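Per my numbering, residue 1095 is the first one in the sequence shown, and the count goes up by one each step.
Cβ coordinates follow ideal geometry from the N, Cα and C atoms, glycine included.
The model shown is predicted, which means the values in this text are computed figures rather than measured ones.
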Amino acid sequence: MRVVIQDDYNKMCKWAADYIAAKINAHNAGPEADRPFILGLPTGSSPIGVYKELIAKNKSGELSFANVVTFNMDEYLGLPHEHDQSYWYFMHDNFFDHLVDMKPENINILNGMTDDPEGECARYEEKIASYGGIDLFMGGIGVDGHLAFNEPFTSLTSRTGLRDLTTDTRIVNSRFFGNDPEAVPAQALSVGIGTVTDSKEVLVLISGHNKARAMAAVVEGGVSQKWTCSALQMHNGAIIACDEEACGELTVDTYKYFLDIEKSQRL
Ligand code: GLP
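What follows is the structure in structure tokens.
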């Protein structure tokens, strides 16, 4: 696992956007350019700065999304697209609506209004498989180390499915629902840990003091279903991009190790 430590949130976002853009551009210039680049995407506060950077690159002509197919990680159950806290709304408001060449038919987001969650999730897995899997999945993590909506003790081989949210997660996410945890949907559709780790590469953003405990568990602890993001330790193409604040609970030698080993690599 690579851990790329940047000074602050903005630099972390810039690094991640440069990385993603380099991957898409390399794909489009390479032997597989006749198939789309498959990009997994998260919601949350963490990726917002990355989305801004990617939009800027797209508008300046540095990066095209014409040959990109996206799959989002998750969606609340029971929120319609037009609900301003649905992840469909978030993604369009913060990202897709600002891109000059993203094709709407290439955007995939789980349908939180489905009356057949199992079928919806099975179809999502099938669609990902029909493209030959995901090239790069970007993610964020919750303060309890959850990846997508895979709360502690979700199987590390889980696939896309219906998830119950913990009270803690509903409390944390209530900041977007008028500070009322009861207003946060109790369930969501989410890709599984296995869905994410099947991707060729996984890039997880970890920013801020409130993620420091999860960061230490995921990087220095063992692989454990208690911190579902720790499954990335078994992945051959996993990168954590983080800021200094998120490193507060790492041991000094781990912190120094990653600064040292990464100093020669720009991307
Ligand atoms: C939600 C999402 C996760 C996201 C997490 C952290 O629970 N389901 O995918 O990573 O929030 O969000 P933030 O980046 O706002 O801390």
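With DSSP collapsed to three states, give me the class of residue 1097. strand
Report, in whole angstroms, the separation of the C-beta atoms of residue 1121 and residue 1229, which I expect to be a contact under 8 Å. 7 Å
Please list, in chain order, all residues of the same chain as residue 1238 whose beta carbon is under 8 Å from its beta carbon, the five residues on each side excluded. 1245, 1246, 1260, 1262, 1263, 1308 and 1321
So what's residue 1281 in DSSP terms, helix, strand or just coil? strand
Applying the criterion that 16 or more other CB atoms from any shown protein chain within 10 Å of the CB defines a buried residue, is residue 1301 buried or exposed? buried
Rounded to the nearest angstrom, what separates residue 1130 and residue 1206 at their Cα positions? 26 Å
Extent of the continuous beta strand (DSSP E) to which residue 1334 belongs: 1332 to 1337
Rounded separation between residue 1252 and residue 1146 - CA only: 31 Å
Let me confirm a value: residue 1351 is counted as buried when at least 16 other C-beta atoms fall within 10 Å, else exposed. Which label applies? exposed
Can the beta-carbon of residue 1312 be found less than 7 Å from the beta-carbon of residue 1323? yes
Tell me the DSSP secondary structure of residue 1247 in three-state form. coil
Cutoff 6 Å; reference residue 1111; Cβ partners in own chain excluding five residues on either side: 1144, 1147 and 1148
Report the partner residues of residue 1257 according to the DSSP bridge assignment. 1282
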